[in-house]
Amino acid sequence: MLMRHIVACRLLVVLSLETNLGQAAEIDMAEVRRLTKEPVQTILQGSAFANISDADYKAKVQGSSRPVIVLFYADRDEKSRDLATLARYIALEF
0 MLMRHIVACR
10 LLVVLSLETN
20 LGQAAEIDMA
30 EVRRLTKEPV
40 QTILQGSAFA
50 NISDADYKAK
60 VQGSSRPVIV
70 LFYADRDEKS
80 RDLATLARYI
90 ALEF
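The numbering of the sequence shown is numbering that gives the first Met the number 0, which starts it at 0 and goes up by one.
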């Protein structure tokens, strides 16, 4: 299945991407720097991201009527934590 080909990665998905037409919030760069040092699960906590399994992938991703963002990551990878921080702010905006 999907996860067999990805070593030491996890899969998350944003299911509800709707444009927020309000004004963008100020971003606290100290908070951004702090978040990039946390595990990915902690970074994404409270955002629209959710864990999905191989069994759920087809229904939740391919079968979604809304646009979906899929994020593959490894907690020990600095680039994954940076990407998760960016994804968190995007998910909070949309």
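We put the beta carbon where it would ideally sit given N, CA and C, even for glycine.
Check: DSSP-derived helix/strand/coil call for Ala-86; Outcome: helix
Check: Residue nearest to Leu-70 in terms of C-alpha spacing, selected from Glu-30, Leu-34, Gln-40; Outcome: Gln-40
Check: Proximity of Leu-43 and Arg-87 at Cβ, strictly below 7 Å; Outcome: yes
Check: Spatial neighbours of Leu-34 in its chain, beta-carbon cut-off 6 Å, leaving aside the 5 residues before and after; Outcome: Ile-42, Thr-84
Check: Beta-carbon proximity list for Leu-58, same chain, < 8 Å, skipping 5 on both sides; Outcome: The sequence given here places Ala at residue 58; Leu does not occur at that position. Cβ neighbours of Ala-58 beyond the five flanking positions: none.
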